[in-house]
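Just so you know, the sequences run in chain order X and W. Following my numbering, the numbering of the first sequence begins with 1 at its first residue and continues without gaps. Following my numbering, the numbering of the second sequence begins with 646 at its first residue and continues without gaps.
There are 2 protein chains.
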Amino acid sequence: MLNQKRVLIDYVSPSVNCGEFYIKRVVNEIVNIDANVLADGHDVLGVSVLYKHENDKTWKETRMKLRHNDEWQASFKVEKQGFYTYKVEAWVDYALNWRYGLIRKINDGQHVVSELLEGAELIKPLIEKVNGEVKTYLEHLHRIFKSENDYGEAITEAAKDRLYKIFFDNPAKILANTSKDYQVYVDRKKARFSTWYEFFPRSASEHDGVHGTFNDCARLLPRVKSMGFDVVYFPPIHPIGEVNRKGKNNTTEAKHDDVGSCWGIGSQYGGHKDIHPQLGSLDDFKSLIQAAKDNNLEIAMDYALQAAPDHPWVKEHPKWFKWRPDGTVQYAENPPKKYQDILPIYWESEDHENLWKECLDILMYWIDCGIKIFRVDNPHTKPFYFWNWIISQVKAKHQDVIFLAEAFTAPKVMQQLAKQGYTQSYTYFTWRESKHDLIQYVEELTKTELREYMQPNFWPNTPDINPYHLQGANESKHILRYALAATLSSSIGIYGPVFEYMLSKPLLGKEEYLNSEKFQITHYDWSIKNKLTTLIAKINYIRNHNPALQQTNNIKFCDIHNDNLMAFYKWNDDRTNEIFVVISLDSHNSQQGVVQMPLYDLGVNPGDNIEMHDLITDSRYNWNNEWNFVELQPTMPFHIFKINK
Amino acid sequence: MLNQKRVLIDYVSPSVNCGEFYIKRVVNEIVNIDANVLADGHDVLGVSVLYKHENDKTWKETRMKLRHNDEWQASFKVEKQGFYTYKVEAWVDYALNWRYGLIRKINDGQHVVSELLEGAELIKPLIEKVNGEVKTYLEHLHRIFKSENDYGEAITEAAKDRLYKIFFDNPAKILANTSKDYQVYVDRKKARFSTWYEFFPRSASEHDGVHGTFNDCARLLPRVKSMGFDVVYFPPIHPIGEVNRKGKNNTTEAKHDDVGSCWGIGSQYGGHKDIHPQLGSLDDFKSLIQAAKDNNLEIAMDYALQAAPDHPWVKEHPKWFKWRPDGTVQYAENPPKKYQDILPIYWESEDHENLWKECLDILMYWIDCGIKIFRVDNPHTKPFYFWNWIISQVKAKHQDVIFLAEAFTAPKVMQQLAKQGYTQSYTYFTWRESKHDLIQYVEELTKTELREYMQPNFWPNTPDINPYHLQGANESKHILRYALAATLSSSIGIYGPVFEYMLSKPLLGKEEYLNSEKFQITHYDWSIKNKLTTLIAKINYIRNHNPALQQTNNIKFCDIHNDNLMAFYKWNDDRTNEIFVVISLDSHNSQQGVVQMPLYDLGVNPGDNIEMHDLITDSRYNWNNEWNFVELQPTMPFHIFKINK
């Protein structure tokens, strides 16, 4: 079959690996489509984006516009969760092409009788397609184009915009070409905009020395809500292994009263579908989920696919683990180190089908209990295709479910997990401290292909990471780290109350916490309020009321002549909300600088007045110039300005 | 089906549109393959490139090496013309992984009896695969690994490189993954390295006022050869239309003795398979082709798919043209302009199958006559898919055939023609004059995806383009333009003798030649020799003897602190030939500058001596520093140095 088509479509974007992976959006976001569309010669082309939700029967169409250099552009809004398919369709528009030449010939004074006959032929099939007034009009045109007596009227009508519009709206699409199909997965808004608070349920008790319970957690929900968080994430709540249990500070021999690591899952009390008895019952947990909902909070569960040596699977499904020639089971190791409290899953198992199904069943079980967010522990030590499968299986039934990948590992591995389906990803933000490193990293996340499929979640700290720069750091440093995370990224989280209470004592020389809650219970006075809890609440309030901070990609770093000061402009898709942030990276000294406003992006001219409304202090400044003086003190090391024009 | 594979291959390069189009190489070139290869966890991976010529039955394999950050690399050489397929294969290497952990444990002083048993299991299947000494050795290892009595010997042997090498050379490739297939088309060397000389046969006569013939052309071949060219390209040699023939200087009414444009093809004397009677007979043409071969020259023919109104096709195949409602045939136009001597082909014709076949038949006819190179006129006004089809049809039978696309049009259109199969492409070099513009353009051609599929051909002038900067330009300007083309690009061409005789009189205000040979015969004294003919011959000799100049992509521009001086380093794939070029863009004044040598690329240290051998003057300079002084005069505005270390 010879392909007689003349139009060619190339480099449709956004796309990931030429469409091998889907891009990601959330409900009511815009998808901006670009494509190169070419034909031989110089004919007028028509180009459309066709798009369709997975439940729709018919394609919607929006026309693309030629920008320059054969590059065409259009946008559409995704309004429902689930998959949309989009593609580009293009054709030579013979009718518009005819009109383009005709007008030039008329203006040149040429006699166009033959051209009008051609026009009549182009109009003829259209008459069947349209109705009412337009039909009558086209019938009239058809008649006068064929009659030499009406030549004057004919060339007048041919040149009118009305005919252009009829042709444009009713393309014949002869020999149209189509790109391949591309997909966008649309999540609920929380996939992009979420504010996480992590704490250990077993540390939730009011009483020192007492194991916390789900009921204790419920008591803490108003505190979390009042700070403006919307996701409460708990480390694993399942029975903790008793065999080879870890002691305090990750020692290998546990004392009899040590509680162990909650990531060492499984014991005589059950496995991944069970609850650690000291936390309460399944009903208690369901009540907690409901209490969270009542506070507009969601509980995120930890999904950690590994087993303690006494996990029920070890006896029930021995094939899911690796057995050594000496008859012992393979525990986790990173030679020469050994982790004898943990058995890794044997993914090469011949019984992998049942294994995968059980892993899926665990998720479905907790989803049925009301959980819609999973923070996945170390996903980079389980096969990529497994994640692709399990995430797509879950999403096919439960579009609301969100997966956060806890993969602090090599960049391409983290990116691949996002490609394979993870909704959100932990990032290197935790270790990015200098202005140069922060800007470079955020540019990589927001200005490369990553922006289409990897949704970052910025954490100043986690139970696993007590970053050097926070160890013994002052209040100002904690404030600026939170402000950075909360304004650079639309999804963020902290591990509390360690963060807001600035409890940053390390295991000497390591980026770990001393007396880490990973291995023991800590008693807190949860009622304490301080400057950090106040500012976190304020910042989160600002995030909740400014759409520009509810997405990550629309960011532009602005010049400010001071390496300790960062400035950036953020906006929502339709620029009805514009935010300007200035943050000092110096927690000890005041810093001054002159910052450049992105006047072109703001659509204002030098000399025009802009009101800069500081959303923390409620101060208002009038800026009239492109370059403006700012000064920040360690006591309040940032400005979040709303720009009022 | 659940996909249990653990290794994942991403971003295989080189590739064009993720493998939709093939990349291009010539015989004996190297293909450097990069790929991201990832697995979950931290296991040792094995990665290979598999490749195979279209006539080969089995795949060849070359192992990739991990560079950094999950990026792997390997190379293979393409030794035959035609298509090669390549792909990446990757697997977890359980044997090497076992050995990696074992050695760490031994070094840590751990007792590894159980690990040795695992090793015996890994060795067992290998014993069946190998022979001779290796088999005996493995049998021995298998025995001692299982016997606790030989523990000392076992751990000594396990740590030896010998076992590493046996494992590495005999991977089990369990659950191996493979990338998709990619293709490279391998041409003969002339596809990349060619030096074209264009002239009009009808101007080849020794006698003023006499129409040149093929026999006159044959007389000129030694002249072309002596200047070092290897391709002689003739504008169309077919019968020239007599209806609406163009007059001198593109006037619409020809006088009775006007010869017309040779691109207005077809008359009572025949069409695209016929020869214009005044040039000679088919036998004369075949003799000329043979005479060219005897001079190590190849004749390139013009392939121009359009017809004069009296082309035989118009009567024989009226459906191949567009007929207007008034019964007239559609001539070429760009409203309001009309080109009544040319009828465009009607590509939307319902009889397009016969049309395409006849177009192919024309090529096959001339290929049978001995033509292997076609310069295609205005390919961008014929459908892209037509070119894809016709080029692949020709190449399937005649791998030696080379197609040069004469598309001076929008960049994406030119690129698309190359993607669809064109061997070489005319470029914007003709108009790139400043240092900034030249560097930017060459970087685009050689450092982006274009390097993989678009092989540029640099022309200082053509019959259609008398660039403003050459109009009335002096000798120095002509020299430097030739030197630029000939050193920046491995394929180049000039339209002579207009170029070397500096006959640059324009049609006033236009980039066209006055009294253009496109519309009339010009009489030349072809025996004249001048500085340009001498230098062109010298430069071409240097190109023929330095592989670094026989490719375009290996180029690095070097700092030189003068906007009128350009410096660049070129090398062949194995760096056995290294060339350093300095060119002045100022044809009126001497220019001085200090140029930076690419010491790191050259593998020399500051202070080491490098001999710079000027291949034009045979001067030799010893450079000991990174920065070196150069001065160029308009009389000899360039250096081509061979670097001797």
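Even glycine gets a Cβ: it sits at the ideal position worked out from N, Cα and C.
Quick one: measure Cβ to Cβ for Ile800 (chain W) and Leu783 (chain W), integer angstroms, because I've assumed they're closer than 8 Å. Mapped onto the second sequence, residue 800 (chain W) falls at position 155. Mapped onto the second sequence, residue 783 (chain W) falls at position 138. In fact, because the Cβ distance is near 17 Å, the residues do not count as touching under 8 Å.
With 16 other CB atoms within 10 Å as the buried threshold, where does Gly905 (chain W) fall? Here residue 905 (chain W) corresponds to residue number 260 of the second sequence, with the count starting at 1. Per the 10 Å Cβ criterion, buried.
Relative to the C-alpha of Asn624 (chain X), which residue among X:Ile643, X:Tyr51 and X:Trp323 is closest? Walking along the first sequence from the start, residue 624 (chain X) turns up at place 624. If you compare the alpha carbons of X:Ile643, X:Tyr51 and X:Trp323 with that of Asn624 (chain X), the shortest gap goes to X:Ile643.
Give the C-beta separation of Thr1132 (chain W) and Ile1285 (chain W) to the nearest angstrom, bearing in mind that I take them to be a contact with Cβ-Cβ under 8 Å. Along the second sequence, read from residue 1 onward, the residue named residue 1132 (chain W) stands at position 487. Along the second sequence, read from residue 1 onward, the residue named residue 1285 (chain W) stands at position 640. That belief holds up - the Cβ atoms of Thr1132 (chain W) and Ile1285 (chain W) are roughly 6 Å apart, short of 8 Å.
Closer than 7 Å, Cβ to any Cβ of chain W: which residues of the segment 439–455 of chain X, in chain order? Going along the segment 439–455 of chain X in chain order, one finds no residue with a Cβ nearer than 7 Å to chain W.
Host beta strand (DSSP E) of Arg807 (chain W) (start-end): Mapped onto the second sequence, residue 807 (chain W) falls at position 162. Not the beta strand (DSSP E): Arg807 (chain W) falls in the alpha helix (DSSP H), residues Asp806 to Asp814.
Give, in chain order, every residue of the segment 380–395 of chain X whose Cβ lies closer than 7 Å to some Cβ of chain W. Of all residues in the segment 380–395 of chain X, His380, Thr381, Lys382, Pro383, Phe384, Tyr385 and Trp389 have a Cβ within less than 7 Å of some Cβ in chain W.
Quick one: is Arg25 (chain X) near chain W, going by C-beta distance under 8 Å? Position 25 of the first sequence holds residue 25 (chain X). Output row for Arg25 (chain X): interface = no.
Scan the segment 73–95 of chain X for residues whose Cβ lies nearer than 8 Å to a Cβ of chain W and list them as they occur along the chain. Within the segment 73–95 of chain X, no residue has its Cβ closer than 8 Å to any Cβ of chain W.
Sequence-distant residues of its chain with Cβ nearer than 6 Å to Ala567 (chain X) (five each side left out): The residue you call residue 567 (chain X) lines up with position 567 of the first sequence. By the criterion of a C-beta distance shorter than 6 Å, Ala567 (chain X) is surrounded in its chain by Cys558, Ile560, Val582 and Val595, once the five residues flanking it on both sides are discounted.
From Phe638 (chain X) to Thr617 (chain X), what distance separates their C-alpha atoms? Working through the first sequence from its first residue, we reach residue 638 (chain X) at position 638. Working through the first sequence from its first residue, we reach residue 617 (chain X) at position 617. Here the alpha carbon of Phe638 (chain X) sits roughly 11 Å from the alpha carbon of Thr617 (chain X).
His1284 (chain W), enclosing alpha helix (DSSP H) - first and last residue: For the purposes of this step, residue 1284 (chain W) is taken as residue 639 along the second sequence, with counting starting at 1. Where His1284 (chain W) is concerned, there is no enclosing alpha helix (DSSP H), although the beta strand (DSSP E) it sits in stretches over Phe1283 to Asn1289.
In this structure, does DSSP put Gln913 (chain W) in helix, strand or coil? Start at 1 with the first residue of the second sequence, and residue 913 (chain W) comes out as number 268. Three-state result, Gln913 (chain W): coil.
Going along chain X, which residues have a C-beta under 8 Å from His1114 (chain W)? By 1-based counting over the second sequence, the position of residue 1114 (chain W) is 469. Correct list: empty, because the minimum Cβ distance to chain X is about 24 Å.
Residues near Tyr339 (chain X) by beta carbon distance below 7 Å, same chain, minus five either side: Residue 339 (chain X) sits at position 339 when you count from the first residue of the first sequence. Correct list, in chain order: Tyr331, Ala332 and Glu333.
What is the DSSP secondary structure of Gln73 (chain X), counted as helix, strand or coil? Looking up residue 73 (chain X) in the first sequence gives position 73. Strand.
If we define contact as Cβ-Cβ less than 8 Å, is Val16 (chain X) a contact residue for chain W? Position 16 of the first sequence holds residue 16 (chain X). Taking Cβ atoms only, chain W never reaches closer than 8 Å to Val16 (chain X), which makes this a no.
Looking at C-alpha atoms only, which residue of W:Lys1057, W:Thr707, W:Val959 and W:Asn1222 is the closest neighbour of Glu1094 (chain W)? One-based indexing of the second sequence puts residue 1094 (chain W) at position 449. Closest by alpha carbon: W:Lys1057.
If distances are taken between C-alpha atoms only, which option among W:Pro881, W:His962, W:Phe859 and W:Gly1066 comes closest to Asp928 (chain W)? Reading the second sequence from its first residue, position 283 is the one you call residue 928 (chain W). Ranking the options by Cα distance to Asp928 (chain W), first place goes to W:Phe859.
Could you tell me the boundaries of the beta strand (DSSP E) in which Met1211 (chain W) lies? For the purposes of this step, residue 1211 (chain W) is taken as residue 566 along the second sequence, with counting starting at 1. From DSSP, the beta strand (DSSP E) with Met1211 (chain W) extends over Leu1210 to Trp1216.
For the putative contact between Asp903 (chain W) and Gly892 (chain W), defined by C-beta atoms under 8 Å, what is the C-beta separation to the nearest angstrom? Indexing the second sequence from 1 puts residue 903 (chain W) at position 258. Indexing the second sequence from 1 puts residue 892 (chain W) at position 247. At roughly 5 Å, the Cβ-Cβ gap stays under 8 Å, so Asp903 (chain W) and Gly892 (chain W) are in contact.
Residue range of the beta strand (DSSP E) that includes Met1257 (chain W): On the second sequence, residue 1257 (chain W) is found 612 positions in, with the first residue counted as 1. Element bounds for Met1257 (chain W): Ile1255 to Asp1259.
Leaving out five residues on either side along the sequence, give the residues of the same chain with a beta carbon under 7 Å from the beta carbon of Tyr1149 (chain W). Translated into positions along the second sequence, residue 1149 (chain W) becomes position 504. The question names Tyr, but residue 1149 (chain W) in the sequence shown is Ser. Closer than 7 Å at Cβ, skipping near neighbours: Asn1111, Leu1115, Gln1116, Gly1117 and Ala1118.
Straight-line gap, Cys1004 (chain W) to Asn673 (chain W) (C-alpha atoms, nearest Å): For the purposes of this step, residue 1004 (chain W) is identified with residue 359 of the second sequence, where counting begins at 1. For the purposes of this step, residue 673 (chain W) is identified with residue 28 of the second sequence, where counting begins at 1. Rounded to whole angstroms, Cys1004 (chain W) to Asn673 (chain W) spans 32 Å at the Cα level.
In chain X, which residues lie with their C-beta within 7 Å of the C-beta of Glu763 (chain W)? Here residue 763 (chain W) corresponds to residue number 118 of the second sequence, with the count starting at 1. Correct list: Arg324 and Pro325.
Check whether the segment 882–892 of chain W touches the segment 950–958 of chain W, taking contact to mean three or more Cβ pairs, one atom from each stretch, closer than 8 Å. Yes: at least three Cβ pairs fall under 8 Å.
Using a Cβ-Cβ distance under 8 Å, would Thr328 (chain X) count as near chain W? The count along the first sequence starts at 1 and reaches residue 328 (chain X) at position 328. Yes, contact with chain W.
In the DSSP output, what is His53 (chain X) paired with across the bridge? On the first sequence, position 53 is the one that residue 53 (chain X) refers to. Beta-bridge pairing links His53 (chain X) to X:Tyr84.
My parser needs the alpha helix (DSSP H) runs of 4 or more residues fully inside the segment 243–307 of chain X; what are they? Fully enclosed alpha helix (DSSP H) runs of 4 or longer: 282–294.
Let me see if you follow: with CB-CB separation under 8 Å, is Gly46 (chain X) close to chain W or not? Along the first sequence, one-based indexing puts residue 46 (chain X) at 46. Not a single C-beta of chain W is nearer than 8 Å to the C-beta of Gly46 (chain X).
Could you tell me the alpha carbon to alpha carbon distance between Lys225 (chain X) and Tyr501 (chain X), rounded to whole angstroms? Walking along the first sequence from the start, residue 225 (chain X) turns up at place 225. Walking along the first sequence from the start, residue 501 (chain X) turns up at place 501. If you take the alpha carbons of Lys225 (chain X) and Tyr501 (chain X), they lie about 17 Å apart.
Alpha carbon to alpha carbon, what distance is there between Pro456 (chain X) and Glu54 (chain X)? Counted from its first residue, the first sequence places residue 54 (chain X) at position 54. Counted from its first residue, the first sequence places residue 456 (chain X) at position 456. Taking the straight line from one Cα to the other gives about 26 Å.
Backbone CA spacing between Trp347 (chain X) and Pro383 (chain X) [nearest angstrom]: For this step, residue 347 (chain X) is matched to residue 347 along the first sequence. For this step, residue 383 (chain X) is matched to residue 383 along the first sequence. Roughly 7 Å between the two C-alpha positions.
Put Trp1001 (chain W) into one of helix, strand or coil per three-state DSSP. To locate residue 1001 (chain W), count along the second sequence from 1; it is residue 356. DSSP places Trp1001 (chain W) in helix when its eight states are reduced to three.
So which of X:Met597, X:Ser619 and X:Leu615 has the shortest CA-CA distance to Asn609 (chain X)? Locating residue 609 (chain X) in the first sequence gives position 609, where the first residue counts as 1. Minimum Cα distance to Asn609 (chain X) is reached at X:Met597.
Using a Cβ cut-off of 9 Å, pull out every chain C residue sitting near His352 (chain X), in sequence order please. Within the model displayed, chain C is absent; protein chains X and W are what it includes.
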